[in-house]
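Visitor: Position in the sequence shown (first residue = 1) + 13 = my numbering.
Note that beta-carbon positions come from the ideal geometry of N, C-alpha and C, so glycine has one too.
Keep in mind the model is a prediction, meaning the values are calculated, not measured.
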Amino acid sequence: MLTIANLSKSFCGQRILDGVNWFAPERTCIGLTGLNGAGKSTLLRMIAGQMEPDSGEIVLPKGTTVGYLPQEVVGISGRTVLAEAMEAFADQHVLEAECRRLEDAMAHAPTTGPEHDALMASYHGVRERFDASARYDLEAETERVLSGLGFQSGDFTRDVGTFSGGWQMRIALAKILLGRPRVLLLDEPTNHLDLEARTWLEEFLANCESLVILVAHDRYFLDVCVQRITEVSRGRLTDYTCNYTRYLEQREERRAQEAAAYTEQQEEIERVEAFIRRFRYQATKAAQVQSRIKQLEKLERLSPPDGHERRVTIRLPAPSRSGRIVVGLEGAVKSYGDISVYGGVDVAIERGSKLALVGPNGAGKSTLLKLLAGVEPLTGGKRTAGHNVRLAYFAQDQSAVLDPSKTVLEEMMAVTPIEMVPRVRDLLGAFLFSGDTVDKPVRVLSGGERNRLALAKLLIEPANCLLLDEPTNHLDLTAKEVLLEALLAYEGTVVLVAHDRYILDRLPAEILEVGHGEAIRYLGNYEEYLAKKASLNGTAPAAPVSLRATVIARTRAISRDLDWPFDYA
Numbered sequence: 014m015l016t017i018a019n020l021s022k023s024f025c026g027q028r029i030l031d032g033v034n035w036f037a038p039e040r041t042c043i044g045l046t047g048l049n050g051a052g053k054s055t056l057l058r059m060i061a062g063q064m065e066p067d068s069g070e071i072v073l074p075k076g077t078t079v080g081y082l083p084q085e086v087v088g089i090s091g092r093t094v095l096a097e098a099m100e101a102f103a104d105q106h107v108l109e110a111e112c113r114r115l116e117d118a119m120a121h122a123p124t125t126g127p128e129h130d131a132l133m134a135s136y137h138g139v140r141e142r143f144d145a146s147a148r149y150d151l152e153a154e155t156e157r158v159l160s161g162l163g164f165q166s167g168d169f170t171r172d173v174g175t176f177s178g179g180w181q182m183r184i185a186l187a188k189i190l191l192g193r194p195r196v197l198l199l200d201e202p203t204n205h206l207d208l209e210a211r212t213w214l215e216e217f218l219a220n221c222e223s224l225v226i227l228v229a230h231d232r233y234f235l236d237v238c239v240q241r242i243t244e245v246s247r248g249r250l251t252d253y254t255c256n257y258t259r260y261l262e263q264r265e266e267r268r269a270q271e272a273a274a275y276t277e278q279q280e281e282i283e284r285v286e287a288f289i290r291r292f293r294y295q296a297t298k299a300a301q302v303q304s305r306i307k308q309l310e311k312l313e314r315l316s317p318p319d320g321h322e323r324r325v326t327i328r329l330p331a332p333s334r335s336g337r338i339v340v341g342l343e344g345a346v347k348s349y350g351d352i353s354v355y356g357g358v359d360v361a362i363e364r365g366s367k368l369a370l371v372g373p374n375g376a377g378k379s380t381l382l383k384l385l386a387g388v389e390p391l392t393g394g395k396r397t398a399g400h401n402v403r404l405a406y407f408a409q410d411q412s413a414v415l416d417p418s419k420t421v422l423e424e425m426m427a428v429t430p431i432e433m434v435p436r437v438r439d440l441l442g443a444f445l446f447s448g449d450t451v452d453k454p455v456r457v458l459s460g461g462e463r464n465r466l467a468l469a470k471l472l473i474e475p476a477n478c479l480l481l482d483e484p485t486n487h488l489d490l491t492a493k494e495v496l497l498e499a500l501l502a503y504e505g506t507v508v509l510v511a512h513d514r515y516i517l518d519r520l521p522a523e524i525l526e527v528g529h530g531e532a533i534r535y536l537g538n539y540e541e542y543l544a545k546k547a548s549l550n551g552t553a554p555a556a557p558v559s560l561r562a563t564v565i566a567r568t569r570a571i572s573r574d575l576d577w578p579f580d581y582a
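#1: Counting pairs of beta carbons, one from the region 510 to 530 and one from the region 232 to 239, are three or more of them closer than 8 Å?
#2: Checking 9 Å against the spacing of the C-beta atoms, do Val8 and Leu370 come in under that value?
#3: Apart from the five residues on each side of it in sequence, which residues of its chain come closer than 7 Å, Cβ to Cβ, to Tyr355?
#4: Considering only residues of the same chain and omitting the five flanking positions on each side of Glu100, which have a CB-CB separation below 7 Å?
#5: Less than 8 Å between the CB atoms is what I'm expecting for Ala467 and Met425, so what's the real figure, rounded?
#6: Pick helix, strand or coil for Asn464, following the three-state DSSP scheme.
#7: Measuring alpha carbon to alpha carbon, tell me which residue in Ala299, Gly365 and Gly350 is nearest Ala331.
#8: What do you get for Ala229, buried or exposed, if any count of 16 or more other CB atoms within 10 angstroms of its CB means buried?
#9: Can you name the residues that DSSP bridges to Tyr294?
#10: What separation, rounded to the nearest whole angstrom, lies between the Cα atoms of Leu368 and Tyr535?
#11: May I have the straight-line CA-CA distance separating Glu343 from Glu209, to the nearest angstrom?
#12: Provide the residue span of the alpha helix (DSSP H) that contains Tyr542, from first to last.
#13: Specify, as a first and last residue, the run of the beta strand (DSSP E) that Ile431 falls within.
#14: At 3 residues or longer, and completely inside the region 167 to 200: list those beta strand (DSSP E) runs for me, N to C.
#15: So, is Ser412 buried or exposed, given that buried needs 16 or more other C-beta atoms within 10 angstroms?
#16: Spatial neighbours of Gln301 within its chain, please: CB distance less than 8 Å, with the 5 preceding and 5 following residues excluded, ordered by chain position.
#17: Put Leu370 into one of helix, strand or coil per three-state DSSP.
#18: Apart from the five residues on each side of it in sequence, which residues of its chain come closer than 6 Å, Cβ to Cβ, to Leu471?
#19: Which word fits His205, buried or exposed, when buried means at least 16 other C-beta atoms lie within 10 angstroms of its C-beta?
#20: Using 10 angstroms around the beta-carbon of Arg2, count the other beta-carbons present and answer buried if the total reaches 16, otherwise exposed.
#21: CB Val225 to CB Thr41, shorter than 9 Å?
#22: Suppose contacts are defined by Cβ-Cβ distances below 9 Å. Is Thr620 in contact with Leu191 by that definition?
#23: Per the DSSP calculation, Tyr81 is bridged to which residue(s)?
#24: Would you report the Cα separation of Pro417 and Gly461, rounded to the nearest angstrom?
#25: Give the C-beta separation of Val86 and Ala185 to the nearest angstrom, bearing in mind that I take them to be a contact with Cβ-Cβ under 8 Å.
#26: Kindly confirm or deny that the region 16 to 30 and the region 48 to 55 touch, where touching means at least three C-beta pairs closer than 8 Å.
#27: Considering only residues of the same chain and omitting the five flanking positions on each side of Arg573, which have a CB-CB separation below 8 Å?
#28: Would you call Ala103 buried or exposed, if buried means 16 or more other Cβ atoms sit within 10 Å of its Cβ?
#29: For the candidate residues Ile524, Tyr81 and Tyr275, whose alpha-carbon lies nearest to that of Gly62?
#30: Give a yes or no on whether the C-beta atoms belonging to Leu501 and Leu520 are separated by under 9 Å.
#31: Let me confirm a value: Ile17 is counted as buried when at least 16 other C-beta atoms fall within 10 Å, else exposed. Which label applies?
#32: Roughly how many whole angstroms lie between the Cα atoms of Glu266 and Asp439?
#33: Short check: CB of Val79 to CB of Leu198, under 9 Å?
#34: Counting Cβ pairs closer than 8 Å, one from the region 57 to 72 and one from the region 268 to 282, do we hit at least three?
#35: Return helix, strand or coil for Phe24, following the three-state DSSP convention.
#36: Please report how far the alpha carbon of Cys478 lies from the alpha carbon of Val527, in whole angstroms.
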């Protein structure tokens, strides 16, 4: 399907892709992986025809359609969501209109003669193309795709311009998927999708007949969707016919073999050079010396093995001990005008908990986190923080609190405890700030860079309860792994909202499902939560056990001297 021959591309004197040769067969889903700046997005843009290579060629069969979703889309307005998504069928509408024009022309033309023959030939060609690509019930198909990506029926008639950038990305994704291109290029398609929309996209790609090449920083998504991983590193592409988890294993095996071969060759070179140095000026050894010099000249020297990215491990500041109950809500009511989000919910977060909030978009996950953090006032009810609690809250717009006049390093040092100063650069490196980038002024950072800096800044401050709203946004796979390991080792309390399935399967020991004004607790990680929900399918739903009753039972069972101000009598 796709053939790349001797492809090269440089930026500012730095070679990004160096003589790449690559083949991608049809009906395959390929995940591109590699460090930031390795050239993944550059490769996609060149395949899409939006960037020219310095040399080499990209070959696709004649007539191949290509759909490309970039990381950012230009904001649009003036059309409804449904009308914008249905622009995917513009080519079909053009062919249909041309068929009707030619039919009308034939109806008014002579029934014989050159004019008739020319019209018939044109009509036959257009009609053949139309029949080959025609699809019917387009509006229903468009609504199905939009619904899968999280839009409600009431959203279909809203102007696209009234939606945030993340939702406009979903519209752009829907438009590309509806077009059914033969080559589908997706650059971080999961960035703005919640769990439900990601699951829908996974199922869509599983049934997709296109060649799909994607970049994603969601490990679970890559494991589920791709049949092949292509690593972009040091200007070349290396293929692994497996999913992402197996790729990590095979990559380490390959690098170990390459390192052993390189070391063995270097030892042999050193041995030969030592012989040459020792006997260079001895006449009796002249022939042997010359033979070894020629041996070295002919030797095809191995490149140093890929420098596997330095494994950065960060350890969060040790938290001080808080009361057994860290923060809680009793009879919490929250409304925005006539819209009621919570109508009397009870939540209690215990010391040392690792808890994730889940639920569909609009269910109130971020709102509940804000109520727990105390940054959003309750409409009714009571919020109480436990003894010696130090909360750290990361919002989706946390970057707004950064000082634009400071550099990245200065912004970090302003909040770093003395004992953590030696680890500041390691932490920044884990969040993709290394080398001279730590001296960049905050005001010139992109939105993603500002969010990463805000998260690094929050994590280095001493706290015993972390409330994190989408902390993995704008992190690559390596940075996500570093953050996950740090949170797993953290002895304090963590409550988070995340749409990364891998994080949700590894980190939380409890799931709090929110929606319809309720919050229901499930013990276990996200996979166990899904299994519990699935076991209830097809049976009469049991009456929800209130979280308040659950908390009362647990707290009474474990101790009577809790640091908890609520009266359960």
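Guide: In terms of the structure at hand:
#1: yes
#2: With the chain covering 14 to 582 only, the question about residue 8 has no answer from this structure.
#3: Ala345, Val346, Lys347, Gly377 and Gly530
#4: Lys188
#5: Contact flag wrong, Cβ pair sits at about 11 Å.
#6: helix
#7: Gly365
#8: buried
#9: Note: Tyr294 sits in no beta bridge, so no partner.
#10: 10 Å
#11: 29 Å
#12: Tyr539 to Ser548
#13: No beta strand (DSSP E) contains Ile431, which DSSP labels as neither H nor E.
#14: 196 to 200
#15: buried
#16: Phe288 and Phe292
#17: strand
#18: Ala405 and Phe407
#19: buried
#20: This structure does not reach residue 2, given that the chain is present from 14 up to 582, and the question cannot be answered.
#21: yes
#22: In the structure as shown, the chain begins at 14 and stops at 582. Residue 620 is therefore absent and cannot be evaluated.
#23: Leu198
#24: 15 Å
#25: 5 Å
#26: yes
#27: Below a pLDDT of 50, predicted positions are generally treated as unreliable, and Arg573, at 34, falls in that range; the measurement from the model is reported next regardless. Result list for Arg573: empty, nothing under 8 Å.
#28: exposed
#29: Tyr81
#30: yes
#31: buried
#32: 27 Å
#33: yes
#34: no
#35: strand
#36: 20 Å
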